[in-house]
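K.L.:
Here you go:
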């Protein structure tokens, strides 16, 4: 093979032909340019994605900086409230001590976001592939105008994958569906239901727009499938709760619809409690709701539907009225109880943080176990919120909640709290007084009642003197009362010493202390002025009728 | 000038075809040493009845390998490198460039490190993949042997010293740091109790900057003896035992005026 190479600035491609075989050899100069201001990178697409760069009319690409907040220090507010002196240094020292090494956020290593053909086109995410330049170098050989090749080293390699624009299930939803994969026959309804859920919650036009568009496509199918098989119910009723969790995130950030997020938050809490097994399912939620199969889906989800979105087209169940009612009812209570605590206008704003609280702390479900009504949960939750996250004692929380209620639900069994008082006497008192609202903390009521008990016999005995006929005051709970009448009866029957008399009026039965008994007895005897007789060297009293 | 993020699609439109070639490390190193315009060698393409044979010949002057060690002149890089051609497969491999110099003209604009706007351009699409292999020769074997020897050396090794090391820690009556420390302490002297009002002023201004303080930090700031400071703090502040800011002092609510509350001393 001959080849003549001409060095220098002129063309350096030379054609030579060999003799016999029909082959041709060309030689080109290879250059590796030195001015490396441009960095060459590889953009790799998967074969299956069928990407053709020639079809691109317009493209935009930029780094995806969404990981910055993870790596970068999260700056809590500096100075003033909430900050500590030297907090940063201490945090840093602590990290060093434990050897926690946080990776630096390198812009170079961040993924690319590539948007092709504008808003309606495709989106790609390009992740950097590691280890490309470790052992071997890749070079890009381009042919220049003068026929020479120029070789550029490849700086990094990015694998680009297309990003889905359609809605996908979140992780929780996906797990749910996976559990039901054998039962669900109709897969289209999964996404349809999810969309419906989202519709009720948020009022985002875009959301609706998307859904509206998609719903038209699948609405037919959704309508067809209103056969209300059990499976549909199953999937829907639990779908919502989970879906709501996922959608919650969006809804929370987008629309602070108080009712909606609160409802969802409540539901999530319940669902969480179902999963954790902390509390029984709140049957109280579903009581009294007439639902047909269709409405089952919405009943579970629309436990507290927004008043603003009462119409959901064909899928709206009949039960929605009941649901609205129940919602109003329970919301009323919530309002009432919150009245007692904070300003009412803050309620809406509070409800969202309440939901936030619930989302963040599932222990709220644990807090409210053994309660039967949903409003109890609400109380506990708002109690939680009121107390600024210090976990309230269960009794204390409910007690205070109960105390501030103004009687919207007289039959509420939150009196159970008070019923845990320790003395039988106090319990009996409560029974007597019936289900009256208590305005003092329940822990004090037993004591208060006990106190009331003590002076009552005395006062009654005092009353007995001017009205001997009615000497017997209404006995509250004791069997024997130390009254003048009683003493008189004994003394008429037979003469007794003071000791005997005292024995008759035992402290256990009269509810008086021994001292009091003695005093009262002495007063009575003074009044009666019985005759005295000495029997067996002991002073006996007796009366003659 | 296009704005940041806009991709220049000229390469894609022209469907510029490029080759992606995998090159051995030593060869890449040799290419980096190229002088002048960067000419490193010749590429020979031979078309034999449909089959193409590509080979690269390294320039003479680039065959010397710099090695640390004794065998510098003996080893030379091989000159002949046939290319093994491969298809791209179904994959679409595009080449895009990122400029990193900070200028803003069409050729070299923007910066990959963020000092200026990036200019991203699509240079072309890969049409051929190839691997550059050295033609096996004595030279190559020697080169490889050298490489292996270098790599097999452990990163850490034990070495016997002739003399014991005596320069690290000498016994000293008292370290210089300690001496300085004691001198500083003596100068400062014991902390004197300043006027209560002054201390209060200092505390309030400190609490304006941060809400929670450690007692040690407060002592540092106010330069008061601890007991005296604690007395004053007990009047105006509270001590957090639990919670996120534990063991810290903060002002009592009525003394605070962060954000909304208006009461202060």
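Protein chains in written order, with UniProt numbering: chain A, 1 to 545; chain B, 1 to 265. Note that CB positions come from ideal geometry on N, CA and C, so glycine has one too. Here the structure is a predicted model, which means the values were calculated and not measured.
1. Given a cut-off of 9 Å, decide if residue 543 of chain A and residue 482 of chain A are closer than it, judged by their beta-carbon atoms.
2. Kindly give me the distance between the Cβ atoms of residue 125 of chain A and residue 163 of chain A, rounded to whole angstroms, as I take these residues to be in contact under 8 Å.
3. Just how far apart, CA to CA, sit residue 147 of chain A and residue 38 of chain B?
4. Nearest CA to the CA of residue 66 of chain A: which residue from A:96, A:189 and A:106?
5. According to DSSP, what are the bridge partners of residue 86 of chain B?
6. Taking residue 88 of chain B and residue 123 of chain B to be in contact with their CB atoms under 8 Å, please state how far apart those CB atoms are, rounded to whole angstroms.
7. I think residue 126 of chain B touches residue 12 of chain B, with their Cβ atoms under 8 Å apart; what is that distance to the nearest whole Å?
8. Indicate the three-state DSSP secondary structure (helix, strand or coil) for residue 252 of chain B in the structure shown.
9. So, with DSSP's three-state summary, where would you put residue 116 of chain B?
10. Using a Cβ-Cβ cut-off of 9 Å, state whether residue 6 of chain B counts as contacting chain A.
11. Alpha carbon to alpha carbon, what distance is there between residue 177 of chain A and residue 185 of chain A?
12. Helix, strand or coil: how does DSSP classify residue 163 of chain B here?
13. Which term fits residue 156 of chain A, buried or exposed, when burial requires 16 or more other beta carbons within 10 angstroms of its beta carbon?
14. Given a threshold of 16 other Cβ atoms within 10 Å of its Cβ, counted over all protein chains shown, does residue 194 of chain A qualify as buried or as exposed?
15. Assign residue 157 of chain A to one of three DSSP states: helix, strand, or coil.
16. What are the residues that DSSP puts in a beta bridge with residue 139 of chain A?
17. Going by DSSP in three states, residue 134 of chain A sits in which element: helix, strand or coil?
18. In chain B, what lies closer than 9 Å to residue 600 of chain A by C-beta?
19. Taking C-beta pairs closer than 7 Å, name the residues in chain B that residue 59 of chain A reaches, listed in chain order.
20. List the residues of chain B whose Cβ lies closer than 7 Å to the Cβ of residue 93 of chain A, in chain order.
21. Let me know if residue 137 of chain A comes out buried or exposed under the rule of 16 or more other beta-carbons within 10 Å of its beta-carbon.
22. If I measure Cβ to Cβ from residue 507 of chain A and keep anything under 7 Å in the same chain, skipping five residues before and after, which residues do I get?
23. What residue range is occupied by the uninterrupted beta strand (DSSP E) comprising residue 534 of chain A?
24. For the stretch 113–133 of chain A, which residues have a CB atom closer than 7 Å to at least one CB atom of chain B, in sequence order?
25. Is residue 112 of chain A near residue 191 of chain A, with beta carbons less than 9 Å apart?
26. Output needed in chain order: residues of the stretch 30–45 of chain B with a Cβ under 8 Å from some Cβ in chain A.
27. Measuring only the C-alpha atoms, how far is residue 117 of chain A from residue 159 of chain A?
28. Taking the Cβ atom as the reference point for each residue, do residue 97 of chain B and residue 65 of chain B lie within a distance shorter than 9 Å?
29. Given this structure, state the Cα-to-Cα distance separating residue 213 of chain B from residue 63 of chain A, to the nearest angstrom.
30. Taking Cβ-Cβ distances shorter than 9 Å, what residues in chain A pair up with residue 20 of chain B?
31. Mapping the DSSP letters down to three states, classify residue 188 of chain A as helix, strand or coil.
32. Buried or exposed: residue 54 of chain B, going by 16 or more other Cβ atoms within 10 Å of its Cβ?
33. May I ask you to list the residues that DSSP assigns as paired with residue 92 of chain B?
34. On the premise that residue 27 of chain A lies in contact with residue 43 of chain B, defined as a C-beta separation below 8 Å, what is that separation, rounded to the nearest angstrom?
35. Looking at the secondary structure, which residues open and close the alpha helix (DSSP H) in which residue 100 of chain A lies?
36. With DSSP as the reference, label residue 37 of chain B as helix, strand or coil.
P.N.:
The short version:
1. no
2. 6 Å
3. Spanning the two alpha carbons is a distance of roughly 15 Å.
4. A:106
5. B:129
6. About 16 Å separates the two Cβ atoms, so there is no contact after all.
7. Actually they do not touch by this definition, with Cβ atoms about 12 Å apart.
8. coil
9. With a pLDDT of 49 at residue 116 of chain B, under the threshold of 50, the modelled position of this residue cannot be trusted; read the value that follows with caution. Of the three classes helix, strand and coil, the one that applies to residue 116 of chain B here is coil, per DSSP.
10. yes
11. 11 Å
12. coil
13. buried
14. buried
15. strand
16. According to DSSP, which records beta bridges pairwise, residue 139 of chain A is partnered with A:153 and B:21.
17. coil
18. With chain A represented from 1 up to 545, any question about residue 600 of chain A goes unanswered, as that position is not in the structure.
19. Here the neighbours are 7 and 9.
20. Per Cβ cutoff of 7 Å: no residues; residue 93 of chain A is ~13 Å from chain B at best.
21. buried
22. 513, 514 and 517.
23. 531–535
24. none
25. no
26. 31, 32, 34, 37, 38, 39, 40, 41, 42, 43, 44 and 45
27. Cα to Cα, the separation comes out at about 19 Å.
28. no
29. Looking at the two C-alpha atoms, the distance is approximately 41 Å.
30. 42, 138, 139, 140, 141 and 154
31. helix
32. buried
33. DSSP links residue 92 of chain B through a beta bridge to A:45.
34. 7 Å
35. No alpha helix (DSSP H) holds residue 100 of chain A; DSSP gives it neither H nor E.
36. Of the three classes helix, strand and coil, the one that applies to residue 37 of chain B here is coil, per DSSP.
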